[in-house]
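Everything on this sheet refers to the single structure shown next.
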Amino acid sequence: MLLKPIKNEADYDKALSRVDELMELNPKLETRESDELEVLVMLIEKYEEQEWAISEPDPIEAIKVRMEQMHLKQKDLIPYIGNKSKVSEVLNRKIGLSLTMITNIAIGLHLPLESLIQLPQKSVA
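Residue 460 in the working numbering sits at position 60 of the sequence shown; the count goes up by one each step and never skips.
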């Protein structure tokens, strides 16, 4: 098979079919078939990362989901965020989460820090 970048679903399906064929052959290491299999798997993984990337969770949505799970109201977040108006501003995205808020929410609501910290998105050039 001529190895080339996977650019669409048709290429992806062809690559998957070829991987199946090569897997059935069970090639020995360091053979042409095993090398082809290894490269195809890398191409498939790269295509899957690009096409079906899982976006980072939104911190406010993570908090709202946890609130639902724990049957919490906005007033229940006061110990973690501050006063009632500050809770409202955070949940309505008028102000961002401070480091103290993130730490308090992570501990109090048992949320991973990673779900509360959102790094700036890299622009794809």
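C-beta atoms are modelled at their ideal positions from N, C-alpha and C, and glycine is treated no differently.
On a predicted model such as this, the values are computed, not experimentally measured, just so you know.
In whole angstroms, what is the alpha-carbon distance linking residue i and residue j?
{"i": "residue 509", "j": "residue 515", "result": "12 Å"}
{"i": "residue 454", "j": "residue 471", "result": "27 Å"}
{"i": "residue 497", "j": "residue 408", "result": "40 Å"}
{"i": "residue 451", "j": "residue 506", "result": "31 Å"}
{"i": "residue 465", "j": "residue 490", "result": "15 Å"}
{"i": "residue 402", "j": "residue 518", "result": "41 Å"}
{"i": "residue 473", "j": "residue 410", "result": "49 Å"}
Kindly indicate which three-state DSSP category residue i falls into: helix, strand or coil?
{"i": "residue 409", "result": "helix"}
{"i": "residue 505", "result": "helix"}
{"i": "residue 457", "result": "coil"}
{"i": "residue 449", "result": "helix"}
{"i": "residue 403", "result": "coil"}
{"i": "residue 444", "result": "helix"}
{"i": "residue 472", "result": "coil"}
{"i": "residue 417", "result": "helix"}
{"i": "residue 428", "result": "coil"}
If you compare alpha carbons, which of the options is closest to residue i?
{"i": "residue 442", "options": "419, 431, 459, 430", "result": "419"}
{"i": "residue 479", "options": "502, 427, 518", "result": "502"}
{"i": "residue 447", "options": "434, 415, 464, 461", "result": "415"}
{"i": "residue 512", "options": "477, 459, 491", "result": "459"}
{"i": "residue 476", "options": "433, 413, 457, 504", "result": "504"}
{"i": "residue 405", "options": "494, 462, 444", "result": "444"}
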